[in-house]
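Residue numbers for the sequence shown follow our numbering, beginning at 30 and rising by one.
Beta carbons: idealized from backbone N, C-alpha and C, even for Gly.
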Amino acid sequence: MPEGPTPADHKAAARGKAKVAVLISGGGSNMAALLYASRLPDCAYEIVLVASNNPEAGGLALAKAEGVPTFALPHQGMARADHDAAMDAAIRAAGAEYIALAGYMRILTAEFVDKWQGRMLNIHPSLLPKYPGLHTHERALAAGDSHAGCSVHVVTATLDEGPLLGQCAVAVAAGDSAETLAARVLFAEHQLYARCLGAYVARWRDPAWLIAQVRQRALAQPEAEESVSHGMACFGIRGGKKFAYVSANHHGDDRTAVLVKISGVDEQATWIEQDAARYYRPAYFGADWLGVRLDLADTDWATVGDWLAHSWREVAPKRLTTLHDAAEQR
Ligand code: GAR
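As structure tokens, then:
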């Protein structure tokens, strides 16, 4: 086991807070909520730019007053692709790694969405998949819903769709109008967005998220099943041997890693020599297991998939590997 923090630990720590650009069109109250949450201790992100398609957007003055760089470019008279490209250039120049859309009332081009795939979030004032688009509160009231609410999701090519990161329901009160309901939903939005954004940018060090990534790839192996051993999630072949364990702060070692089966002590030594920050000999496991750290902020998930496939092959009976090889060749 490496003594103390390794170079990769230093790298992860030095990475510090994720840099976020917030895009607004209107009042910017969600931007303000994100900004003040970022000023509290331990917030995982900082806001490096507030940008708008509307130079009059109220949030721009607030951002300026708070010392946050701003960028405004009216979209009138510009082709959508050119406007998006100019926004993209400003966002990149600010060093942003993520974008938070906060009442940015522009449809984005597929190119822009593609460039920020998995790194752009949006808040929407409804409990998606209900009521994408506009007039969400009117629609909730007209439908007689008991609850309205808000959702934060990852932005994909389809408007107000994409994986949900969190939702907050808001009760419809007697006598609510669309305006009174919208005002209350905004309170919920302000709580929800900062929480979801903070968790999303820090997901690479969240053991639950890391285990889910391993699970998805381990269960893709033939006849794989999940179980728990000594408190660790582990994956094996049905009725057969285990091929992967996820070690999350095992015996207080403060790291999250996947343990995979390898050919033996020589291979183990080779990997550890090659990258002692990432690979290690797992305590209480034999020399034919290797620890591969997942919490170093730079995990290549395709490589983790390859490790799991390789490990599966190390323990799979011939019956399964033969079948698998035949299927691969077809
Ligand atoms: C918010 O309610 C946000 O959910 C909504 O615009 C409002 C912006 O308020 N966004 C959308 O409808 C996007 N489809 P704010 O400028 O005060 O944050």
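How long is the line joining the alpha carbons of Val361 and Leu91, rounded to whole angstroms?
It is not possible to answer for residue 361, since the shown part of the chain is limited to 30 through 359.
What are the partner residues of Arg322, as DSSP defines its beta bridges?
Answer is Ala286.
Using only CA atoms, which one of Pro346, Ala277, Gln196 lies nearest to Gly269?
Of the listed residues, the one whose Cα sits closest to Gly269 is Pro346.
Nearer than 8 Å: is that true of the beta carbon of Ser67 relative to any heavy atom of the ligand GAR?
Incorrect: Ser67 has no Cβ contact closer than 8 Å to the ligand GAR.
Alpha carbon to alpha carbon, how far is Val49 from Glu126?
Going from the Cα of Val49 to the Cα of Glu126 covers about 6 Å.
Say yes only if the C-beta of Glu85 is nearer than 8 Å to one or more non-hydrogen atoms of the ligand GAR, and no if none qualify.
Glu85: no, Cβ never under 8 Å from the ligand GAR.
Report all residues from its chain with a CB closer than 6 Å to the CB of Thr138; omit the five preceding and five following residues, and keep chain order.
Same-chain partners within the cutoff: Arg109, Ala110, Asp113.
Measure the alpha-carbon distance for Leu163 versus Leu226 and round it to whole angstroms.
If I take the Cα positions, the gap works out to 23 Å.
Could you tell me whether any non-hydrogen atom of the ligand GAR is closer than 8 Å to the CB of Leu130?
Yes, the Cβ of Leu130 comes within 8 Å of a heavy atom of the ligand GAR.
Counted within 10 angstroms of its Cβ, other Cβ atoms place Pro36 as buried (16 or more) or exposed
Residue placement at Pro36 cannot be trusted, given a pLDDT of 47 that sits under 50; the coordinates are not used to answer.
So, is Gln358 buried or exposed, given that buried needs 16 or more other C-beta atoms within 10 angstroms?
The residue in question, Gln358, is exposed, as its Cβ has fewer than 16 Cβ neighbours within 10 Å.
Using the C-alpha atoms, what's the distance from Arg267 back to Gly57?
Straight-line Cα distance between these residues: approximately 53 Å.
Buried or exposed (CB count within 10 angstroms, at least 16 for buried), Pro311
So Pro311 ends up on the buried side.
Have a look at Thr285, His182, Lys159 and flag the residue whose alpha-carbon is nearest the alpha-carbon of Ala172.
Checked all of Thr285, His182, Lys159; the closest Cα to Ala172 is Lys159.
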